[in-house]
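K.L.:
For any residue, its number in our numbering is found by taking its place in the sequence shown, counting from 1, and adding 148.
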Amino acid sequence: IASCEAPFSFTPLCNVAWRWAGATVGQKGVVLSELHGAVDAPELIEIGSDSYLGAHVTLRPLKVEGSTVTAVGVTIGDGCFVGPNTLLQPGSMIKGATGANSIISSHEIVPDGRVAIGDAQKPCTLAWRPQRLDASTEWGWAFTSSLAMFATERLGHVVAVQAPRILLWVALGFVGRYPWSPPLHEVRVASLIHEAHTTPLLRVWLTLSTVASRNAALVLLLVACLVMADPLKPLTHVVFKWLVVGKATETSKVPLRSGQHLRWACVQKLARCPAVDGAWRHVYEYASIYASCVGFKLGSRVRFYPYPSLLLAGAAEADLVEIGDGTVTSAATYAHDFSMLHLAMKPTSIGRGCDLGLSRHGQVLPGSQLPAGTV
Numbered sequence: 149i150a151s152c153e154a155p156f157s158f159t160p161l162c163n164v165a166w167r168w169a170g171a172t173v174g175q176k177g178v179v180l181s182e183l184h185g186a187v188d189a190p191e192l193i194e195i196g197s198d199s200y201l202g203a204h205v206t207l208r209p210l211k212v213e214g215s216t217v218t219a220v221g222v223t224i225g226d227g228c229f230v231g232p233n234t235l236l237q238p239g240s241m242i243k244g245a246t247g248a249n250s251i252i253s254s255h256e257i258v259p260d261g262r263v264a265i266g267d268a269q270k271p272c273t274l275a276w277r278p279q280r281l282d283a284s285t286e287w288g289w290a291f292t293s294s295l296a297m298f299a300t301e302r303l304g305h306v307v308a309v310q311a312p313r314i315l316l317w318v319a320l321g322f323v324g325r326y327p328w329s330p331p332l333h334e335v336r337v338a339s340l341i342h343e344a345h346t347t348p349l350l351r352v353w354l355t356l357s358t359v360a361s362r363n364a365a366l367v368l369l370l371v372a373c374l375v376m377a378d379p380l381k382p383l384t385h386v387v388f389k390w391l392v393v394g395k396a397t398e399t400s401k402v403p404l405r406s407g408q409h410l411r412w413a414c415v416q417k418l419a420r421c422p423a424v425d426g427a428w429r430h431v432y433e434y435a436s437i438y439a440s441c442v443g444f445k446l447g448s449r450v451r452f453y454p455y456p457s458l459l460l461a462g463a464a465e466a467d468l469v470e471i472g473d474g475t476v477t478s479a480a481t482y483a484h485d486f487s488m489l490h491l492a493m494k495p496t497s498i499g500r501g502c503d504l505g506l507s508r509h510g511q512v513l514p515g516s517q518l519p520a521g522t523v
């Protein structure tokens with residue numbers, strides 16, 4: 149289910165995919181950004197109408213105790229807002245017009261008018277009421293957004309996976325035409341062995357040396373293609389980001405499911421294909437040059453180590469992120485937030501001399517201002 153959902157994340161077709169899988173999903177205004185979990189038992193998931201589930205929401209409908217698995221289920225009522233990175237444990241039930249964030253423990257019921265944060269519940273007085281998310285049911289918008297997301301995902305796949313293969317195919321066709329190429333050299337050696345009537349030992353030696361040279365040439369050619377194709381990823385990210393969203397500015401007036409939100413989501417989608425992976429973690433300048441080109445405001449001697457791939461967490465709003473001199477970071481840094489069904493951009497900064505290098509699963513939340521020397 150997760151693989152089928154991936155091309156259509158943040159689009160109405162994500163709702164359709166989960167309905168086909170067996171989940172009970174409301175017909176009006178349901179938005180599933182990315183629904184993780186429930187892969188083995190989607191029939192135990194129930195989501196009401198006019199609800200919004202943010203990114204990385206995980207639902208656990210199966211309760212595992214020792215060697216016993218119990219089908220419990222998870223229920224989300226009408227008009228609920230479930231924030232990003234929320235985990236709903238087996239038996240969780242969220243009733244209408246409530247909010248949830250963090251982890252909801254097993255068999256916990258969140259009644260109407262309350263918000264759950266972890267194991268605690270507090271009264272929730274909403275100053276606003278979510279209106280019907282009509283954009284999720286408009287087929288024109290659904291087709292456009294789903295097609296845009298699918299095309300973006302295919303672009304990332306071509307750049308990350310197919311580009312080295314295409315280069316290798318072109319390179320093999322190119323070098324095969326020259327006399328010094330391994331295929332022609334192998335043919336000449338075979339002809340020499342056949343015509344010169346060499347001794348058996350010399351025949352074996354020539355054959356083994358030819359095979360070794362051919363394989364070595366292929367390995368070197370493959371490595372060269374991989375090295376040449378790798379810079380295409382950051383180059384594609386930079387060009388795509390500036391063409392699609394341009395320079396990010398501080399704002400809180402971007403409605404969800406609007407055209408601007410769709411463009412931002414497409415850039416975030418492409419960011420799932422890391423532009424700078426772990427193989428470049430010791431080449432600090434490589435990641436820093438990419439970060440500067442995509443919009444990050446960097447001080448001197450900034451290092452994205454040892455997990456530079458997390459640099460892309462906030463690529464779409466990189467212009468609002470500032471990192472001070474001498475900082476080492478691996479934390480995912482965001483400048484976007486969600487408020488009252490709007491996408492908000494908030495300036496985020498990390499001070500000078502901070503050490504977040506071991507924060508592989510750490511996050512710098514939007515609007516944060518980390519002081520200098522934070523560890």
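Heads up, the beta-carbon is just placed ideally off N, CA and C, and yes, glycines get one too.
I need the DSSP call for Thr218, collapsed to helix, strand or coil.
P.N.:
To locate residue 218, count along the sequence shown from 1; it is residue 70. In this structure, Thr218 counts as strand in the three-state DSSP scheme.
K.L.:
Give the single residue among Lys211, Leu418, Gly501 whose Cα lies nearest to the Cα of Met297.
P.N.:
Within the sequence shown, numbered from 1, the residue matching residue 297 stands at position 149. With distances taken between Cα atoms, Met297 lies closest to Leu418.
K.L.:
Across which residues does DSSP place Ala480 in a beta bridge pair?
P.N.:
As a first step, residue 480 is located in the sequence shown; it is residue number 332 there, counting from the start. For Ala480, which the question treats as bridged, DSSP gives the partners Gln511.
K.L.:
What does a CB cutoff of less than 7 Å around Tyr432 pick up in its chain, not counting 5 residues either side in sequence?
P.N.:
Indexing the sequence shown from 1 puts residue 432 at position 284. For Tyr432, where only same-chain residues beyond five positions count, the Cβ hits under 7 Å are Arg451, Tyr453.
K.L.:
Glu194 bridges to which residues according to DSSP?
P.N.:
Your numbering for residue 194 matches position 46 in the sequence shown. Thr172, Thr223.
K.L.:
Below 8 Å between beta carbons: does that hold for Gly499 and Ala483?
P.N.:
Sequence index remark: in the sequence shown, residue 499 carries index 351 (1-based). Sequence index remark: in the sequence shown, residue 483 carries index 335 (1-based). Not in contact: Gly499 and Ala483 (Cβ atoms no closer than 8 Å).
K.L.:
Going straight from the alpha carbon of Ala372 to that of Trp317, what length do you get?
P.N.:
Residue numbering aside, residue 372 sits at position 224 when the sequence shown is read from its first letter. Residue numbering aside, residue 317 sits at position 169 when the sequence shown is read from its first letter. Approximately 12 Å between the Cα atoms of the pair.
K.L.:
How is the beta strand (DSSP E) around Val469 delimited, first residue to last?
P.N.:
Here residue 469 refers to the residue found at position 321 when the sequence shown is read from its first residue. First-last of the beta strand (DSSP E) with Val469: 469-471.
K.L.:
Around the C-beta of Trp428, are 16 or more other C-beta atoms found within 10 angstroms, so that it is buried, or is it exposed?
P.N.:
Taking the first residue of the sequence shown as 1, we reach residue 428 at position 280. The residue is buried, with at least 16 neighbouring Cβ atoms inside 10 Å.
K.L.:
How is the beta strand (DSSP E) around Ser436 delimited, first residue to last?
P.N.:
Mapped onto the sequence shown, residue 436 falls at position 288. From DSSP, Ser436 is part of no beta strand (DSSP E) but of the alpha helix (DSSP H) over 432-442.
K.L.:
Go through its chain and collect everything with a Cβ distance to Ala423's Cβ below 7 Å, but skip five positions before and after it.
P.N.:
Sequence index remark: in the sequence shown, residue 423 carries index 275 (1-based). So the list reads Lys381, Pro382, His385, Tyr438, Leu460, once near-sequence residues are dropped.
K.L.:
For His490, which of Leu468, Tyr434, Gln408 has the nearest alpha-carbon?
P.N.:
As a position in the sequence shown, residue 490 is number 342, starting the count at 1. If we check each option's Cα against that of His490, Gln408 comes out closest.
K.L.:
Looking only at its chain, what residues have a beta carbon closer than 7 Å to the beta carbon of Val173, apart from the 5 residues adjacent to it on each side?
P.N.:
Working through the sequence shown from its first residue, we reach residue 173 at position 25. The answer, listed in chain order, is Asn163, Trp166, Arg167, Ile195.
K.L.:
What does DSSP give as the partner residues of Lys445 in its beta bridges?
P.N.:
Against the sequence shown, residue 445 aligns to sequence position 297. Answer is Glu470, bridged to Lys445.
K.L.:
Would you give the residue range spanned by the alpha helix (DSSP H) that Leu315 belongs to?
P.N.:
As a first step, residue 315 must be located in the sequence shown, where it is residue number 167. Segment 311-323, the alpha helix (DSSP H) holding Leu315.
K.L.:
When you compare the CB positions of Asp503 and Val476, do they come within less than 8 Å of one another, or not?
P.N.:
Here the question's residue 503 lines up with position 355 in the sequence shown. Here the question's residue 476 lines up with position 328 in the sequence shown. Against a cut-off of 8 Å, the Cβ pair of Val476 and Asp503 comes out as a contact.
K.L.:
From this set, Pro514, Ser199, Val178, Leu207, which residue's C-alpha is nearest Ala189's C-alpha?
P.N.:
The residue labelled residue 189 in the question sits at position 41 within the sequence shown. With distances taken between Cα atoms, Ala189 lies closest to Leu207.
K.L.:
Could you check what DSSP says for Gln416 in three-state terms: helix, strand or coil?
P.N.:
By 1-based counting over the sequence shown, the position of residue 416 is 268. It is helical.
K.L.:
Closer than 8 Å, CB to CB, is Tyr482 near chain D or not?
P.N.:
Protein chains in the displayed structure number just one, and chain D is not present.
K.L.:
Assuming Leu369 and Ala319 make a contact with CB atoms under 8 Å, what is their CB distance in whole Å?
P.N.:
Residue 369 sits at position 221 when you count from the first residue of the sequence shown. Residue 319 sits at position 171 when you count from the first residue of the sequence shown. About 6 Å separates the two Cβ atoms, so the contact holds.
K.L.:
Helix or strand or just coil, what does DSSP make of Ser497?
P.N.:
As a first step, residue 497 is located in the sequence shown; it is residue number 349 there, counting from the start. Reduced to three states, the DSSP call for Ser497 is strand.
K.L.:
Would you kindly work out how many angstroms separate the C-alpha atoms of Val523 and Gly472, rounded to a whole number?
P.N.:
Position 375 of the sequence shown, counted from the first residue, corresponds to residue 523. Position 324 of the sequence shown, counted from the first residue, corresponds to residue 472. Between Val523 and Gly472, the C-alpha separation is close to 14 Å.
K.L.:
Which residue marks the beginning of the beta strand (DSSP E) containing Val205, and which one marks its end?
P.N.:
Mapped onto the sequence shown, residue 205 falls at position 57. Start and end: 205-207.
K.L.:
So what's Gln95 in DSSP terms, helix, strand or just coil?
P.N.:
This structure leaves residue 95 out entirely; the chain is present only between 149 and 523.
K.L.:
Within its chain, find whatever has a CB closer than 7 Å to the CB of Asp467; leave out the 5 residues flanking it on each side and keep chain order.
P.N.:
Looking up residue 467 in the sequence shown gives position 319. Cβ within range, chain order: Lys395, Ala396, Gly443.
K.L.:
When DSSP builds the beta bridges, which residues end up paired with Asp503?
P.N.:
By one-based count along the sequence shown, residue 503 stands at place 355. According to DSSP, which records beta bridges pairwise, Asp503 is partnered with Val476.
K.L.:
Look up Lys381 in the DSSP assignment and say whether it is helix, strand or coil.
P.N.:
Translated into the one-based positions of the sequence shown, residue 381 becomes position 233. Lys381: helix per DSSP, three-state reduction.
K.L.:
With distances taken Cα to Cα, identify the nearest neighbour of Thr496 among Lys445, Pro403, Pro456, Gly202.
P.N.:
Taking the sequence shown and counting its residues from 1, one reaches residue 496 at position 348. Comparing Cα positions, the closest option is Lys445.
K.L.:
Report the three-state DSSP secondary structure of Glu213 (helix, strand or coil).
P.N.:
Here residue 213 corresponds to residue number 65 of the sequence shown, with the count starting at 1. Strand at Glu213.
K.L.:
Among residues of its own chain, excluding the 5 on either side of Ser436, which ones have a beta-carbon nearer than 8 Å to its beta-carbon?
P.N.:
Against the sequence shown, residue 436 aligns to sequence position 288. Result list for Ser436: Leu446, Val450, Arg451, Phe452, in chain order.
K.L.:
Can you tell me which of the three DSSP states Val306 falls into?
P.N.:
Taking the first residue of the sequence shown as position 1, residue 306 is located at position 158. Of the three classes helix, strand and coil, the one that applies to Val306 here is helix, per DSSP.
K.L.:
In angstroms, rounded to a whole number, what distance separates the CA positions of Ser240 and Leu391?
P.N.:
Within the sequence shown, numbered from 1, the residue matching residue 240 stands at position 92. Within the sequence shown, numbered from 1, the residue matching residue 391 stands at position 243. Whole-angstrom Cα-Cα distance: 43 Å.
K.L.:
Compute the distance between the beta-carbons of Gly510 and Ala479, then report whether it is under 8 Å.
P.N.:
Translated into the one-based positions of the sequence shown, residue 510 becomes position 362. Translated into the one-based positions of the sequence shown, residue 479 becomes position 331. Result yes, Cβ atoms of Gly510 and Ala479 sit closer than 8 Å.
K.L.:
State buried or exposed for Ile224, treating a residue as buried only when at least 16 other CB atoms are found within 10 Å of its CB.
P.N.:
Taking the first residue of the sequence shown as 1, we reach residue 224 at position 76. Per the 10 Å Cβ criterion, buried.
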